[in-house]
Amino acid sequence: MTARIGNHYFSTRPGVRSHPTQVRATLRGRAWTFITDRGVFARRGVDAGTRLLVEAMRIAPADLVLDIGCGYGPVGLVAASLAPQGQAVLIDVNARAVELAAQNAQLNGLGNVEVLQGDGCGPVAGRLFDTAVTNPPIRTGKATLRRLVRDIWQHLRPGGRFYFVARTAQGARTLARDVTEVFGTVREMERKSGYRVYEAVKSGDS
């Protein structure tokens, strides 16, 4: 992936013409169909890091879940299916991704999903969540990632869980150390195919 193409994922409006298609995946034992498009992450199919995150994350039935950088929705929509008495709020800066995530929620029969466009946690100012998940935008740089981690911490209830995935070769362990500075502790949950999934828990007395 070149930087030029990668930048489409972080733009409000992707600079490539729309050409939607469908992909299928089995995640958490359920068959899913997703509409994808050019200018969104992993448009050809759910990538290995996302799969690892989806299989590792712990979602309770009544959780209020926040998915930052949702893309066309695989992580957040699986979370919504695991929280039938709760809700998943999906956010992405990319307008095309937001439209796709909303379509995919309907396509897969999920009514407990809210999809918002915006940067990071901005669209949910003042709201608190039980769980946050992200396949973070590593290419945006360390400063952006550190700001995102701090914002996620502020939007979690005490005891709230944060799950994230990153490539080992793209600084997963460095990101885990940055998260540790904010949350206090981080636990590696899974490691496979060059990716690592971590869990951080907000202190119950925060």
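Just add 98 to the spot in the sequence shown (first one is 1) and you have my numbering.
Every residue, glycine too, gets a C-beta built ideally from N, C-alpha and C.
Does the separation of the CB atoms of residue i and residue j fall below 8 Å?
i      : j      : result
ILE166 : GLY218 : yes
VAL173 : GLY143 : no
THR229 : ARG259 : yes
VAL247 : ASP276 : yes
TYR261 : VAL211 : no
ALA199 : VAL222 : no
GLY169 : VAL191 : no
LEU254 : ALA264 : no
ARG310 : GLU153 : Lying outside 99 to 304, the shown extent of the chain, residue 310 is not represented and no answer is given.
LYS300 : TRP251 : yes
GLU287 : GLU279 : Inspection of the sequence shows that residue 287 is occupied by Met rather than by Glu. No, Cβ-Cβ distance for MET287 and GLU279 is not below 8 Å.
GLY224 : PRO256 : no
MET155 : ALA178 : no
Return the Cβ separation of residue i and residue j in integer angstroms, given the expectation that the two are a contact with Cβ distance under 8 Å.
i      : j      : result
GLN183 : ALA160 : 4 Å
LEU188 : GLY171 : 6 Å
LEU180 : PHE227 : 14 Å between Cβ atoms; not a contact.
ARG244 : SER116 : 33 Å between Cβ atoms; not a contact.
GLN201 : ILE133 : 5 Å
ALA203 : LEU175 : 6 Å
Would you list the one or two residues that DSSP bridges to residue i?
i      : result
LEU214 : ILE189
GLN201 : DSSP output for GLN201 lists no bridge partner at all.
ILE133 : GLN120
THR283 : Its beta-bridge partners do not exist; DSSP assigns none.
ARG289 : ARG294
LEU125 : ARG128
By the DSSP assignment, the beta strand (DSSP E) with residue i in it spans what residues?
i      : result
LEU151 : No beta strand (DSSP E) contains LEU151, which is instead part of the alpha helix (DSSP H) from 146-154.
VAL295 : 293-299
VAL163 : 162-166
ALA230 : 227-232
Please report the residue range of the alpha helix (DSSP H) in which residue i lies.
i      : result
LEU180 : 172-180
Pick out the complete beta strand (DSSP E) segments inside the segment 240-280, 3 residues or longer, and give them in chain order.
254-265
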